[in-house]
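**Q**
Numbering (UniProt numbering), first residue to last: 1 to 356.
(1) For residue 15, is the classification buried or exposed, using 16 other Cβ atoms within 10 angstroms of its Cβ as the cut-off for buried?
(2) So, is residue 331 buried or exposed, given that buried needs 16 or more other C-beta atoms within 10 angstroms?
(3) Would you kindly check if the distance between the Cβ of residue 59 and the Cβ of residue 275 is under 8 Å?
(4) Throw me the rounded Cβ distance for the residue 190 and residue 246 pair, which I believe falls under 8 Å.
(5) Between 79, 153, 139 and 87, which lies nearest to residue 102 when the distance is taken from Cα to Cα?
(6) So, at 6 Å on beta carbons, what are the nonlocal neighbours of residue 26 in its own chain, with the 5 sequence-adjacent residues on each side left out?
(7) Count the other CB atoms, across all protein chains shown, that sit within 10 Å of the CB of residue 251; report buried if there are 16 or more and exposed otherwise.
(8) Can you tell me the Cα-Cα spacing of residue 1 and residue 284, whole angstroms?
(9) Report the option in 93, 75 and 277 whose CA atom is closest to the CA atom of residue 177.
(10) Which partner residues of residue 33 appear in the DSSP bridge assignment?
(11) So for residue 138, helix, strand or coil by DSSP?
(12) Output the residue ranges of the beta strand (DSSP E) runs that lie fully inside the region 281–338 and measure 3 residues or longer, sorted by chain position.
(13) Could you give the distance in angstroms between the alpha-carbon of residue 19 and the alpha-carbon of residue 309?
(14) If you follow the beta strand (DSSP E) that residue 175 is part of, which residue opens it and which one closes it?
(15) Less than 8 Å between the C-beta atoms of residue 73 and residue 109, yes or no?
(16) Can you give me the C-alpha to C-alpha distance between residue 353 and residue 307, rounded to a whole angstrom?
(17) Smallest Cα separation from residue 345: which of 328, 336 and 218?
(18) With distance defined between alpha-carbon atoms, name the residue in 216, 326 and 258 nearest to residue 356.
(19) Touch check for the region 181–188 and the region 209–227: three-plus C-beta pairs under 8 Å?
(20) What is the rounded straight-line gap between the Cα of residue 313 and the Cα of residue 71?
(21) Quick one: what does DSSP say residue 1 is sitting in, helix, strand or coil?
(22) Just to check my reading of the structure: residue 173 and residue 243 have Cβ atoms closer than 8 Å, yes? What is that Cβ distance to the nearest angstrom?
(23) For the beta strand (DSSP E) that residue 53 lies in, which residues bound it at each end?
(24) Residue 205 and residue 125 - do their beta-carbons sit closer together than 8 Å?
(25) Measuring alpha carbon to alpha carbon, tell me which residue in 259, 116 and 273 is nearest residue 323.
(26) Consider the C-beta atom of residue 278 and the heavy atoms of the ligand FAD; say whether any pair is separated by less than 7 Å.
(27) Count the other CB atoms within 10 Å of the CB of residue 37; is the residue buried (16 or more) or exposed (fewer)?
(28) Mapping DSSP to helix, strand and coil, what is residue 117?
(29) For the region 88–107 and the region 133–150, state whether three or more C-beta atom pairs, one from each stretch, are separated by less than 8 Å.
(30) Residues in the same chain with beta-carbon distance under 6 Å from residue 237, minus the five sequence neighbours each way, listed in chain order, please.
(31) With respect to the alpha helix (DSSP H) encompassing residue 218, which residues constitute its N-terminal and C-terminal limits?
(32) Take the Cβ of residue 92 as the centre, count every other Cβ of all protein chains shown within 10 Å, and call the residue buried at 16 or more, exposed below.
(33) Between which two residues does the beta strand (DSSP E) holding residue 259 run?
(34) Nearest CA to the CA of residue 390: which residue from 186, 291, 286 and 297?
(35) Which class does residue 232 belong to by DSSP, given the choice of helix, strand or coil?
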């Protein structure tokens with residue numbers, strides 16, 4: 001499924017019996033690992049790159065893989081999605097994530113075959129690392145993007161993407177690929193390294209249905225490990241454990257900040273969520289992506305990505321899905337009560353870290 005691993009340099013170094021990694025890295029929490037030009041051109045990931053990636057993932061629940069995608073490909077997709085954004089914002093089913101002040105929206109990338117480049121959705125280096133994290137044949141089950149539109153003033157609550165009872169081991173990873181250089185200056189996501197395995201499901205949630213984190217835990221966690229808005233180079237792939245605390249941040253700049261969100265799940269987890277791709281792309285996907293297609297539904301004709309409603313189900317229960325409607329996000333409560341209250345809480349100082 002994934003490419004063979006590239007062997008380390010011909011003259012490896014050892015320390016007390018352990019291989020000394022030759023990876024180029026920077027940062028501490030989170031850490032960024034830069035793929036060598038040889039790795040990127042060959043499509044083969046060195047064993048020491050994999051070792052370091054796994055080390056930081058298990059420690060922090062988050063790391064950055066730089067030099068993963070060609071700049072020209074990144075810029076082409078960025079420009080197309082900026083064009084699409086104007087159209088998407090006029091759609092009746094469009095919903096701001098956690099309120100209009102955030103100017104933060106989920107927008108599916110174009111889904112015609114010409115735009116489904118494997119480096120974004122089945123990157124060989126990402127797949128190699130995912131197989132070592134999640135086991136063989138990890139399943140692609142979510143394909144979306146997060147757009148922080150220019151001029152946002154509101155932030156999101158600190159939250160986790162999984163608000164259900166989940167395993168205590170890695171079961172799902174979101175690959176966030178940034179389509180432009182990103183930092184606090186244009187709304188890079190706030191991440192809380194190490195929170196992916198620090199708290200149990202019931203104890204950490206402020207409100208069960210939304211995944212928002214309790215204020216007392218946020219304040220306590222910041223004393224030992226403060227949140228970060230890292231500088232991330234365009235074309236980098238961020239690996240984030242689905243359990244990790246994070247928050248969308250406002251983009252005060254004049255340009256869109258676009259981040260792909262591609263979710264892979266362990267095959268044993270049996271996630272019921274699926275994505276739809278055009279049947280015309282099936283042969284290309286099966287030949288070039290070389291991934292499990294159990295989570296893909298093939299659809300006759302073209303798919304207008306801007307008309308596809310947001311759909312989410314990271315649980316193992318097919319009935320616990322969330323879908324975007326003109327009334328708002330419909331979750332299990334809305335289906336039972338007719339009240340659309342998901343993601344409509346007030347984001348205030350009780351929802352994020354404040355210095356004491």
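Virtual Cβ for every residue (Gly too), placed ideally from N, Cα, C.
On a predicted model such as this, the values are computed, not experimentally measured, just so you know.
**A** So, to answer that:
(1) Along the chain shown, read from residue 1 onward, the residue named residue 15 stands at position 15. The residue in question, residue 15, is exposed, as its Cβ has fewer than 16 Cβ neighbours within 10 Å.
(2) Translated into positions along the chain shown, residue 331 becomes position 331. By the neighbour-count rule (16 or more Cβ atoms within 10 Å), residue 331 is buried.
(3) Translated into positions along the chain shown, residue 275 becomes position 275. Translated into positions along the chain shown, residue 59 becomes position 59. Not a contact, by the Cβ cut-off of 8 Å.
(4) Translated into the one-based positions of the chain shown, residue 190 becomes position 190. Translated into the one-based positions of the chain shown, residue 246 becomes position 246. About 6 Å; that satisfies the 8 Å criterion.
(5) Translated into positions along the chain shown, residue 102 becomes position 102. For residue 102, the nearest C-alpha among the options comes from 153.
(6) Here residue 26 is taken as the residue at index 26 of the chain shown, counted from 1. Within the same chain, residue 26 has close Cβ partners 32.
(7) One-based indexing of the chain shown puts residue 251 at position 251. Classification for residue 251: buried.
(8) The residue you call residue 1 lines up with position 1 of the chain shown. The residue you call residue 284 lines up with position 284 of the chain shown. Because residue 1 sits at a pLDDT of 47, beneath the cut-off of 50, its placement in the model cannot be relied upon, and the following sentence gives the value as read from the coordinates. Rounded to whole angstroms, residue 1 to residue 284 spans 15 Å at the Cα level.
(9) For the purposes of this step, residue 177 is identified with residue 177 of the chain shown, where counting begins at 1. Nearest C-alpha to residue 177: 75.
(10) Here residue 33 refers to the residue found at position 33 when the chain shown is read from its first residue. Paired residues: 25 and 65.
(11) As a first step, residue 138 is located in the chain shown; it is residue number 138 there, counting from the start. Three-state result, residue 138: coil.
(12) 296–299, 322–325 and 328–330
(13) In the chain shown, residue 19 corresponds to position 19, counting from 1. In the chain shown, residue 309 corresponds to position 309, counting from 1. Approximately 48 Å between the Cα atoms of the pair.
(14) By one-based count along the chain shown, residue 175 stands at place 175. Per DSSP, residue 175 belongs to the beta strand (DSSP E) from 172–178.
(15) Taking the first residue of the chain shown as 1, we reach residue 73 at position 73. Taking the first residue of the chain shown as 1, we reach residue 109 at position 109. No; because the gap between Cβ atoms is not below 8 Å, this pair is not in contact.
(16) For the purposes of this step, residue 353 is taken as the residue at position 353 of the chain shown. For the purposes of this step, residue 307 is taken as the residue at position 307 of the chain shown. When rounded, the distance between both Cα atoms is 36 Å.
(17) Taking the chain shown and counting its residues from 1, one reaches residue 345 at position 345. Considering only alpha carbons, the answer is 328.
(18) As a first step, residue 356 is located in the chain shown; it is residue number 356 there, counting from the start. Here the closest residue by C-alpha is 216.
(19) no
(20) Mapped onto the chain shown, residue 313 falls at position 313. Mapped onto the chain shown, residue 71 falls at position 71. Answer to the nearest angstrom: the Cα atoms are 32 Å apart.
(21) In the chain shown, counting from the first residue as 1, residue 1 sits at position 1. Bear in mind that a pLDDT of 47 at residue 1, under 50, signals an unreliable position, so the model cannot answer this.
(22) As a working note, residue 173 is residue 173 in the chain shown. As a working note, residue 243 is residue 243 in the chain shown. Contact doesn't hold; Cβ gap of about 10 Å is too wide.
(23) Position 53 of the chain shown, counting from 1, holds the residue named residue 53. From DSSP, residue 53 is part of no beta strand (DSSP E) but of the alpha helix (DSSP H) over 47–60.
(24) On the chain shown, position 125 is the one that residue 125 refers to. On the chain shown, position 205 is the one that residue 205 refers to. No. Outside cutoff.
(25) The residue you call residue 323 lines up with position 323 of the chain shown. Among 259, 116 and 273, the Cα nearest to that of residue 323 is on 273.
(26) Absent from the structure shown: the ligand FAD. Ligands present: none.
(27) Position 37 of the chain shown, counted from the first residue, corresponds to residue 37. Its Cβ having fewer than 16 others within 10 Å, residue 37 is exposed.
(28) One-based indexing of the chain shown puts residue 117 at position 117. Correct three-state label for residue 117: coil.
(29) yes
(30) For this step, residue 237 is matched to residue 237 along the chain shown. Counting only Cβ-Cβ distances below 6 Å, and skipping sequence neighbours, we find 65, 68, 126, 175 and 177.
(31) Your numbering for residue 218 matches position 218 in the chain shown. 215–224 is the span of the alpha helix (DSSP H), which, as asked, contains residue 218.
(32) In the chain shown, residue 92 corresponds to position 92, counting from 1. Counting Cβ neighbours within 10 Å, residue 92 comes out exposed, since fewer than 16 surround it.
(33) Residue 259 sits at position 259 when you count from the first residue of the chain shown. Residues 257–265.
(34) Lying before the first or after the last residue shown, residue 390 is absent from the chain, which here runs from 1 to 356.
(35) In the chain shown, the residue the question calls residue 232 occupies position 232. The answer is strand: DSSP assigns residue 232 an E or B state.
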